[in-house]
Amino acid sequence: MRVPGSTLEDVATSEPRDSALWIRRGFLLLLATFLAVGLSGELGVRTTTTSATGGGYDLSVRHAAVARAGLDVPWQVTVRSPGGFDKTLVLAVTGNYFDIFETQGFTPEPAAWTRDGTTVYLTFDTPDADTFRLDYDAYIQPASQRGQDGTVSVVVGGVPVVTVEFETKLWP
-18 MRVPGSTLED VATSEPRDSA LWIRRGFLLL LATFLAVGLS GELGVRTTTT SATGGGYDLS
42 VRHAAVARAG LDVPWQVTVR SPGGFDKTLV LAVTGNYFDI FETQGFTPEP AAWTRDGTTV
102 YLTFDTPDAD TFRLDYDAYI QPASQRGQDG TVSVVVGGVP VVTVEFETKL WP
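Counting in my numbering, the sequence shown runs from -18 upward without gaps.
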């Protein structure tokens, strides 16, 4: 009776597989790339300003072009009117755009606001100046998974005289 010199003599062996090594290397490369993109800030908030001119008004909207859920984002409307404003200023905003946000509200607060099926109408008492600025203090809702597009218009006599279109896309 022969006694084996090792307990591993009868164990079947196989050659190391190169595919497993390359899968691990690929995963580590993917992980390192994701980490580098995250550290560079590419997955954070990207802000842009969209502007239009019409009806004697310059309208610009500063907003998040790309964001992620849970992050604070800017949303600021600036209206310029050479020579000043009438007594009130009415802004019409796509109502669904605000669905992706949690908010602390508008600054300044609207004197009045209404909403029809698709649009929010914000009426403001205007400043004694050529420029009006509206800030919306908000962050993206944690449950928001899709972005939203919208428009802002200056409304005079019930008619939009200048409109800006914009979009916010969300990273998962």
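Ideal Cβ placement from N, Cα and C applies to all residues, glycine included.
Through-space distance from residue j to residue i, alpha-carbon basis
i	j	result
Gly(-14)	Arg(-2)	28 Å
Gly131	Phe147	6 Å
Ala119	Pro55	7 Å
Asp80	Trp3	45 Å
Val135	Gly36	9 Å
Pro141	Val26	30 Å
Leu52	Leu151	10 Å
Val10	Gly64	Per the sequence shown, residue 10 should be read as Leu rather than Val. Distance between the alpha carbons of Leu10 and Gly64: 59 Å.
Ala50	Gly86	18 Å
Pro153	Gln57	24 Å
Thr149	Trp94	23 Å
Ser21	Gly98	41 Å
Leu16	Ser0	24 Å
Thr84	Thr100	18 Å
Rounded distance between the beta-carbons of residue j and residue i, thought under 8 Å
i	j	result
Phe66	Phe113	7 Å
Thr31	Ser41	7 Å
Thr88	Asp116	5 Å
Thr69	Thr104	5 Å
Ser77	Gln129	Position check: residue 77 holds Asn in this sequence, whereas Ser was assumed. Sure, about 6 Å apart at Cβ, within 8 Å.
Val145	Tyr38	Not a contact, Cβ separation roughly 11 Å.
Asp106	Ala92	5 Å
Val12	Val18	In the sequence as displayed, the identity of residue 12 is Leu instead of Val. Not quite, the Cβ-Cβ distance comes to about 11 Å (not below 8 Å), so this is no contact.
Bridge partner(s) assigned by DSSP for residue i
i	result
Gly131	Phe147
Ile121	Phe82
Val(-8)	None; Val(-8) has no bridge partner.
Leu72	Leu103 and Val135
Trp94	Leu103
Leu52	Paired residue(s): none; Leu52 is not in a bridge.
Best match in the options for proximity to residue i [C-alpha to C-alpha]
i	options	result
Arg127	Leu40, Leu12, Ala46 and Thr(-6)	Ala46
Asp109	Leu10, Arg61 and Ser21	Arg61
Ala73	Ala1, Val133 and Leu11	Val133
Glu90	Gly138, Phe82, Tyr102 and Asp97	Tyr102
Arg96	Asp111, Asp(-9), Thr(-12) and Val71	Val71
Thr34	Thr59, Leu24, Val18 and Leu16	Thr59
Phe82	His44, Gly98 and Thr99	His44
Range covered by the alpha helix (DSSP H) that runs through residue i
i	result
Ala13	Asp(-1) to Ser21
Opening and closing residue of the beta strand (DSSP E) in which residue i lies
i	result
Ser32	Arg27 to Gly35
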